[in-house]
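In the working numbering, the protein residues as written are 3 to 440.
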């Protein structure tokens with residue numbers, strides 16, 4: 003792996019640290035995860051601000067649940083052998099399980115075991131957040147191999163009056179207009195469906211923090227999925243409605259599959275247009291309507307919230323067989339997969355920053371050759387090399403934003419950004435006052 007994978011390698015190494023942690027929608031697993039991410043950002047002098055919301059707090063139509071404390075969970079046979087143990091894989095215990103300490107026969111044990119019958123060799127990820135019960139997870143093959151006998155079900159857990167934890171970083175820009183990136187920190191040991199989003203978001207914080215100039219203010223949010231987003235919006239939706247111009251939920255962004263865009267509710271926001279523009283220039287790209295939603299884009303697009311937040315994935319959640327199983331391990335993601343997602347989103351950030359209405363500064367067609375922007379010898383084929391430049395200038399009349407021009411001249415905005423920079427350096431373009439393109 004060469005230097006072109008630097009960000010991908012760093013993200014993968016950070017995901018390795020996050021993978022073993024037993025996370026849920028509340029509890030120490032979330033705090034431990036945020037502490038690791040906070041430490042990574044502190045190396046660049048960036049503070050990850052953590053918030054605690056007490057159990058019982060109302061959040062629109064929801065209530066922050068009790069905090070789940072899990073210490074130990076296993077099934078042992080009559081000889082004292084552990085058939086399964088969450089110390090070996092934290093998917094073995096159903097999320098939010100109530101405590102149990104009971105000996106049962108095999109038939110009753112199987113009533114509390116969850117498997118994925120169509121994938122007999124994987125452990126499924128199963129939860130019961132809002133109805134108190136308990137359970138264990140194992141492969142279908144293992145369940146079928148259990149001999150008759152007595153088994154000890156043991157879960158050392160509590161549901162306590164605690165809190166829900168989320169964290170954010172806000173990097174101010176020249177304007178109060180905001181771009182949001184958010185991911186979640188509530189799934190146990192799954193690499194793509196959990197670890198990839200937070201590590202990508204962390205690397206994007208570093209990227210934005212290092213920009214010489216920021217037009218936008220950037221908000222980065224890490225929260226438990228669903229209840230975390232709802233809780234956050236119950237506290238901040240009015241501010242976001244006033245300031246948010248674009249946003250993305252990052253989920254399942256570390257594998258090597260196609261890039262995926264899950265559109266906003268009506269699919270025509272700046273977020274939709276901008277990310278689709280970037281992705282269309284990539285090999286392997288899929289678009290999904292809002293009807294295929296499944297992550298926190300649900301909350302941001304809810305009626306009355308109506309925020310321009312779409313979903314970004316590699317292989318979309320729910321579409322790959324490893325999803326929500328033990329097969330979603332560190333072998334399923336890669337530095338290259340993470341790097342590809344990083345490259346797409348840094349291009350999107352650059353495009354958003356340069357998305358203004360521009361006007362050419364000279365009358366008639368500018369002479370590009372004397373500015374080093376056109377071949378000095380004209381020959382068949384030389385015009386093709388500057389096709390994007392001359393067509394961009396042709397539509398730089400003050401009425402079109404960068405995305406408008408890109409769509410009109412059929413050149414990806416990621417390429418036009420570099421052209422735009424050169425034209426600005428040569429003073430051939432000016433920004434039309436008050437013309438930020440939304």
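Every residue, glycine too, gets a C-beta built ideally from N, C-alpha and C. Being a predicted model, the structure only gives us computed values, none of them experimental.
- Pairing residue 239 with residue 267, the inter-Cα distance amounts to about 17 angstroms.
- The beta carbon of residue 425 sits closer than 6 angstroms to the beta carbons of 431 from its chain, once the five residues preceding and following it are set aside; these are given in chain order.
- Taken in chain order, the complete beta strand (DSSP E) segments of 3 residues or longer contained in the segment 344 to 378 are 359 to 362.
- Residue 201 and residue 181 have their C-alpha atoms some 18 angstroms from each other.
- In the structure shown, residue 309 adopts coil according to DSSP, grouped into three states.
- Below 8 angstroms, enough C-beta pairs join the segment 307 to 319 and the segment 249 to 263 to call them touching: three or more.
- Closest option to residue 322, judged by alpha-carbon separation, among 374, 254 and 81: 254.
- The distance from the Cβ of residue 284 to that of residue 346 is about 7 angstroms, consistent with a contact at the 8 angstroms cut-off.
- CA-CA distance, residue 149 to residue 183, rounds to 49 angstroms.
- Beta-carbon to beta-carbon, residue 72 and residue 155 are separated by about 15 angstroms, too far to satisfy the 8 angstroms threshold.
- By the CB criterion at 8 angstroms, residue 120 and residue 143 fall outside the cutoff.
- Inclusion of residue 227 and residue 290 in the CB contact set at 8 angstroms is not warranted, their separation being larger than that value.
- According to the DSSP secondary-structure assignment, residue 96 is paired through a beta bridge with no residue.
- Look at the segment 229 to 260 and you find these whole runs of alpha helix (DSSP H), each 4 residues long or longer: 229 to 245.
- Counted as a single uninterrupted DSSP element, the beta strand (DSSP E) harbouring residue 52 occupies residues 51 to 56.
- Assigned with DSSP and collapsed to three states, residue 169 falls in strand.
- Residue 167 places its beta carbon less than 8 angstroms from that of residue 32.
- Taking a cut-off of 8 angstroms on C-beta distances, the segment 16 to 28 does not touch the segment 354 to 366, as fewer than three cross pairs fall below it.
- If you look at residue 402, you'll find it isn't in any alpha helix (DSSP H); it sits in the beta strand (DSSP E) that goes 399 to 403.
- Here residue 121 carries a coil assignment [DSSP, helix/strand/coil].
- A contact between stretches requires three or more CB pairs, one per stretch, nearer than 8 angstroms, and the segment 109 to 118 fails this requirement with the segment 194 to 214.
- The continuous alpha helix (DSSP H) containing residue 396 extends over residues 389 to 396.
- The three-state reading of DSSP puts residue 430 in coil, since its state is none of H, G, I, E or B.
- Here the alpha carbons of residue 48 and residue 214 stand approximately 16 angstroms from one another.
- Per DSSP, the unbroken beta strand (DSSP E) holding residue 225 starts and ends at 219 to 225.
- Residue 419 and residue 212 have their C-alpha atoms spaced approximately 18 angstroms apart.
- Classified as buried, residue 92 has 16 or more neighbouring CB atoms from the shown chains inside 10 Å of its CB.
- The C-alpha of residue 82 is placed about 50 angstroms away from the C-alpha of residue 312.
- For residue 201, the enclosing alpha helix (DSSP H) covers residues 198 to 211.
- Distance from the CA of residue 230 to the CA of residue 376, rounded to the nearest whole angstrom, comes to 53 angstroms.
- Within the DSSP secondary-structure output, residue 184 pairs in a beta bridge with 223 and 251.
- Contact check between the segment 87 to 107 and the segment 133 to 140: three or more CB pairs, one atom from each, fall below 8 angstroms, which counts as touching.
- Leaving aside the five residues that flank residue 296 on each side, the residues in its chain whose CB is nearer than 7 angstroms to its CB run, in chain order, 319 and 320.
- A straight line joining the alpha-carbon of residue 403 with that of residue 292 spans about 26 angstroms.
- Close CB contacts of residue 7 within its chain, under the 7 angstroms cut and outside five residues either way in sequence, are with 337, 338 and 341 (chain order).
- Nearest Cα to residue 131 within the set 325, 161 and 41: 161.
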